[in-house]
Amino acid sequence: MAMLSGAQVMARMLEDYGVTDIFHVPAILRRTMVELEETSINRVRTHGEKSAAYMADGYARASRRPGICMAQTVGALNLAAGLRDAWLAHSPVIAMTGGRDPATKFRKVYQQNDDVPAFDGVTKFNATVDSVDRFPDMVRQAFRVAVSGTPGPVHLQFRGNEGQMDVEEADMEPLVETAFSQVPPFRP
């Protein structure tokens, strides 16, 4: 393994999973967005969080591959509302948002509401990533759950309102299971 930033791991994993497009509202996982410039992945900026979710849903339905949508914490509830159609249609959408910083919890800091429960009703898997060394296994789990069994949306919340934790480094390597880059992952 090597010392890599969360952004490097995320960009490599998305590319290795065959992601071609990401639908997002700017100001989320900024360092990852810079790393994605070295890949062939298109970063599609949307006007709002719900439209990012709708576009990821449409992409997933048309391509039979997970659609990726992202938003910072201020738009997380809008992103959750946009996942309702994907949930009902069983589309494999992976939603990523920024989240609360543990250092500012319960201090009445601007935009520090807990948005994670809002995703419970519209996702198969809803988790927070509070440590950069969890990037490989949590992103792998997101892809696995999104396409396995009955496909459906999943949500990962990254520490920091914009997911700033992606600049941190740890001794890790990308974990990619290419079978889980499409629906169905295995031929029945």
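Throughout, the numbering used here is defined as the position within the sequence shown, counted from one, plus 1487. Even for Gly, the Cβ is constructed at its ideal location relative to N, Cα and C. It should be emphasised that the depicted structure is a prediction, and the values quoted were computed from it without experimental measurement.
Minimum C-alpha distance to residue i - residue among the options
i, options, result
"G1639", "R1646, R1631 and R1518", "R1631"
"T1507", "A1568, S1538 and A1549", "A1549"
"A1498", "P1671, K1611, E1649 and E1524", "E1524"
"N1529", "A1543, F1673 and G1535", "A1543"
"Y1541", "V1561, P1672 and I1509", "I1509"
"G1585", "D1607, V1603 and V1496", "V1603"
"N1648", "P1675, R1621, A1614 and D1601", "D1601"
"P1579", "N1565, G1636 and R1594", "G1636"
"H1642", "P1671, Q1559 and T1519", "Q1559"
"H1511", "Q1644, V1496, R1532 and A1605", "R1532"
"F1612", "K1595, R1587, P1589 and H1577", "H1577"
"A1605", "A1563, A1590 and G1545", "A1563"
Close beta carbons around residue i, own chain, < 8 Å, minus the five adjacent residues each side
i, result
"K1592", "Q1599"
"Y1504", "P1553, F1630, V1663, T1665, F1667 and S1668"
"P1623", "V1496, M1500, M1659, E1660, P1661 and L1662"
"V1654", "S1492, G1493, A1494 and R1518"
Whole-angstrom C-beta distance between residue j and residue i, which should lie under 8 Å
i, j, result
"V1619", "M1652", "5 Å"
"M1566", "A1539", "Before going on, a small fix: residue 1566 reads as Leu here, not Met. Their Cβ separation, rounded to whole angstroms, is 7 Å, which keeps L1566 and A1539 in contact under 8 Å."
"I1581", "A1614", "In fact, because the Cβ distance is near 11 Å, the residues do not count as touching under 8 Å."
"R1646", "V1616", "7 Å"
"E1522", "A1489", "Wrong, their Cβ atoms sit about 15 Å apart, outside the cutoff."
"K1676", "A1568", "The question about residue 1676 has no answer, for the chain in this structure spans 1488 to 1675."
DSSP state of residue i mapped onto helix, strand, coil
i, result
"L1491", "strand"
"A1498", "helix"
"G1562", "helix"
"V1512", "coil"
"G1569", "helix"
"F1612", "strand"
"G1545", "helix"
"I1531", "The question names Ile, yet the displayed sequence has Val at residue 1531. Three-state DSSP puts V1531 in a strand."
Neighbourhood of residue i by C-beta, 7 Å cutoff - its chain only, sequence neighbours within 5 removed
i, result
"R1571", "V1609"
"P1513", "R1532"
Any chain B beta carbon closer than 8 Å to residue i
i, result
"T1584", "This model lacks chain B altogether, as it is built from one protein chain only."
Sequence ranges, beta strand (DSSP E) only - wholly within the segment 1619–1669, length at least 3:
1641–1646 and 1656–1659
Runs of alpha helix (DSSP H) wholly within the segment 1571–1600 (minimum 4 residues, chain order):
none
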